[in-house]
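Colleague: Handing you a structure now.
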């Protein structure tokens, strides 16, 4: 479903002195979507958000909101409210006054201000705390105040800068569903910056992955998870085994790769641009689709002898860490029942294998 | 903590505590003596004490020049407090908010004056102000006192600003408040305790300053300059009466400032939820 | 949006800048000019004549006063540091948090009492028939002449500087990581040795700065040398007040003042260098 464009970012570059925080960025934010921008610290995700908010001006390029360039509009003349990592609630105002702040700055009358603030406090289920000091609230309640304070102006877009990072794990999960529901009900476009894969993938309609000021991939969580576009993304997500080697043969439906540990095969794909023979290419396979056995399966193609180097149990799943004779690391993630009978002590030798149709070709090695 | 307790020696601890008391006795002996002898009837203050009397307060109260000095002191102190606090606030905010070429020099200018000996400041001020025809007036004391008081105001307010979440100001802009509106609705309310603290502290500093005032005040003597005059003349327990009086005013200001600075300081955002 | 020059920003940054340039920097610069002016018939006239410098630097009285002032200020700095250290150490390490807060608050009080009044109070203690001599007389000693001595000047200097020195030392001591001290004990470093090998090096910067402030305060003070020391030996500050208040010899007073500033700058520079020189070795700040 193609939706209208709300924000377009065209050739945006941001430099701080000699440091380039964002290099040549082009993408669009659609009306009503939940977009997550993800990356490790220093990747430019927060700078991007601050440019959308009007807290930084792009060095080059244009940012349009509903078609109008807003590059040099100061933040107080935009309706791009932001939820801050520290929440930045005003400690000298009570809960209701915090929520009324933006309305007061827009010259809304006292009675109207109060009515609209209380409506949002009610919606966020914190109306009973409206006369409290910020210091008297719990972390989750503060989160709701911060959301109400930003949403009270009923903007088209809400910017969120890692707002959940200060919460503990359980509260984090609860607030994720609050945020997701809120976004769905209001239809407001959310742009959510985070370094957490689980937050991005569980809430967002689309995810932007950034690294060193460059967008590595944009897509739905499923697209990115199943088909990382670059080696960086595959590494960053950490859920695939990655093999690089020389292309022995390639067509628009498959690739055969020669790696240090032997040949690796991809079949049944639809490749827009198959790699040239002799070039270097990278194939990935999800760790959940990599299997282990004690003997090499008779008719399988992608088979590698591996040695167990470690294991880790989290809840119902186990992650086995293995190594090929050439030192290539392989991870396998399985439910406990799939591992019954396998010798998993460190140093044991097993065979890792997967179906050629489960291989995926990374576009940029 | 256990290891510390084991390694502690009671004798050493108590000796050190006794030493603290001794040091405080030395520091407070002259303050206490001044108070005690202001209530002592004897012409020449010493022990044994004479009878309790308010004679010296009466003598001081009967001196119109003392009243004039007090009037000057209060008026000057109030203006100095207000002006220094405004200048100090501006400098503290500048340091908090902006990075610019020459900032080190700016900060040096903002903070150095109190480290220059008052006698030199007094001389420089006298020479300069008489050159521009401003010496010998109340305004000359105000000008000079602001120079040494503004740095105190700046330090106090800067400390408060450093306790502010750096996202608070941009958050207000982001919610539609212009820079001016943010200043009025966010920065000023947040720093309010420090602003009043700075106001009272700078007033107290001005109340007690005598050296520069002595140099530049001419006939508009402040109370401390009056005390200097008494000291130069014959020994007079009137000094004790004035001293106690000024002490009470200063301490009131300082305690009010202290209450403002610590009591109402906003709770730090140290929640771990 | 960082725009370094805006009406808004200048409204806050300019007033102090202008004030301090006009009324702090300019008077000090003017002092330099003044030192080259000449006095004829009790009026000062603009000139460019090094005569004041030559006259002042040629006077043995000036150099005697310089030596006295420097020596007294240096002695006061050492004395104040040594006297203050056990006190600030004890406050930092031997008192509970609430007692420490109280101690700090009490130590701030002297800053807001009149220094003049406190000096006058010491006269009451130290005069020939004063409190101390009466008490000594009760046990059959004295009376000893104590007022108008160098010792009395030193008492005045301590009155002026001790509270500040204690507070500055204290602030550097409370920030020492307690585990450092425990680690030293753990490695069999004795109590006294820990103070010298761990505590003092860690607080080095603060201790030196405290001594420096004591030097600055006492070097420029004229109240204690006059009203407790009796004006003898003469210090530079007494020389300045005499030259200004009685003789109209402002240019000469300017020479003295500038020499004092130069001295303070050199001392401050050397102290700060000395303070930070040992940093790699000791302190964490």
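Protein chains in written order, with our numbering: chain A, 1 to 365; chain B, 1 to 273; chain C, 1 to 285. Each residue gets a CB set at the ideal place from its N, CA and C atoms; glycine is no exception.
(1) By a C-beta neighbour count over all protein chains shown, 10 Å radius and 16 as the cutoff for buried, is residue 210(C) buried or exposed?
(2) With residue 313(A) as the anchor, note down where its beta strand (DSSP E) starts and where it stops.
(3) Under 7 Å between beta-carbons, which chain A residues line up against residue 101(B)? List them in chain order, please.
(4) Based on Cα-Cα distance, which residue from 152(B), 72(B) and 69(B) lies nearest to residue 88(B)?
(5) Who are the Cβ neighbours of residue 229(B) in its own chain at under 8 Å, not counting the five residues just before and after it?
(6) Cα separation between residue 273(B) and residue 168(A)?
(7) Please tell me whether residue 173(B) has its Cβ less than 7 Å away from any Cβ of chain A.
(8) Since residue 165(C) contacts residue 275(C) with CB under 8 Å, what's their CB separation in whole angstroms?
(9) At what residue ranges does the segment 86-139 of chain B contain a whole run of the alpha helix (DSSP H), taking only runs of 4 or more?
(10) Sorted by chain position, which residues of the same chain lie with C-beta nearer than 8 Å to residue 132(A)'s C-beta, five sequence neighbours on each side aside?
(11) Could you give the residue range of the alpha helix (DSSP H) that holds residue 19(A)?
(12) Taking only three categories from DSSP, how would you classify residue 47(B)?
(13) Any beta carbon of chain B sitting closer than 7 Å to that of residue 214(C)?
(14) Rounded to whole angstroms, what's the CA-CA distance from residue 183(A) to residue 190(A)? Just pull it up for me.
(15) Comparing alpha-carbon positions, which option in 272(C), 65(C) and 117(C) lies nearest residue 159(C)?
(16) Take the Cβ of residue 100(B) as the centre, count every other Cβ of all protein chains shown within 10 Å, and call the residue buried at 16 or more, exposed below.
(17) Closest to residue 327(A) by C-alpha separation, out of 254(A), 306(A) and 345(A), would be which residue?
(18) Within 7 Å of any Cβ in chain A, is that where the Cβ of residue 89(B) sits?
(19) Judging by CA-CA distance, which residue of 67(B), 207(B) and 14(B) is the nearest neighbour of residue 142(B)?
(20) Please classify residue 188(C): is it buried, with 16 or more other beta-carbons within 10 angstroms of its beta-carbon, or exposed?
(21) By alpha-carbon positions, which one of 341(A), 91(A) and 198(A) ends up nearest to residue 146(A)?
(22) Does DSSP put residue 38(A) in a helix, in a strand, or in coil?
(23) Are any of the Cβ atoms in chain C nearer than 7 Å to that of residue 272(B)?
(24) Does residue 33(B) come within less than 7 Å of chain C when only Cβ atoms are used?
(25) What separation, rounded to the nearest whole angstrom, lies between the Cα atoms of residue 272(C) and residue 107(B)?
(26) Any heavy atom of the ligand SAM closer than 6 Å to the CB of residue 54(B)?
(27) DSSP on residue 144(C), reduced to helix/strand/coil?
(28) Use the C-beta contact count for residue 123(C): other C-beta atoms within 10 angstroms, 16 or more gives buried, fewer gives exposed.
(29) Measure the alpha-carbon distance for residue 190(C) versus residue 18(C) and round it to whole angstroms.
(30) In or out: residue 102(C) buried (at least 16 other Cβ within 10 Å) or exposed?
(31) Just how far apart, CA to CA, sit residue 130(B) and residue 86(A)?
(32) Give the interface partners of residue 20(C) over in chain B, defined as CB-CB distance under 8 Å, in chain order.
(33) Secondary structure at residue 17(B), three-state DSSP: helix, strand or coil?
(34) Can you find a C-beta in chain B that's less than 7 Å from the C-beta of residue 121(C)?
(35) What does the alpha-carbon distance come out to for the pair residue 233(A) and residue 227(A)?
(36) Beta-carbon separation of residue 10(A) and residue 61(A) under 7 Å?
Modeller: Put simply:
(1) buried
(2) 302-314
(3) The contacting residues do not exist; residue 101(B) stays about 13 Å from chain A at best.
(4) 152(B)
(5) 221
(6) Residue confidence is low: residue 273(B) scores 32 on pLDDT, short of 50, so the model does not pin down where it sits. Its coordinate-derived value is still stated next. The alpha-carbon atoms of residue 273(B) and residue 168(A) are separated by roughly 6 Å.
(7) yes
(8) In fact, because the Cβ distance is near 14 Å, the residues do not count as touching under 8 Å.
(9) 103-111 and 118-131
(10) 94 and 95
(11) Not the alpha helix (DSSP H): residue 19(A) falls in the beta strand (DSSP E), residues 19-30.
(12) coil
(13) no
(14) 7 Å
(15) 117(C)
(16) exposed
(17) 306(A)
(18) no
(19) 207(B)
(20) exposed
(21) 91(A)
(22) strand
(23) The predicted position of residue 272(B) is uncertain, since its pLDDT is 34 and thus under 50; a value taken from the coordinates is nonetheless stated next. No - not a single Cβ of chain C is within 7 Å of the one on residue 272(B).
(24) yes
(25) 18 Å
(26) The model depicted lacks the ligand SAM and carries no ligand whatsoever.
(27) coil
(28) buried
(29) 55 Å
(30) exposed
(31) 54 Å
(32) 109, 110, 113, 147 and 150
(33) helix
(34) yes
(35) 9 Å
(36) yes
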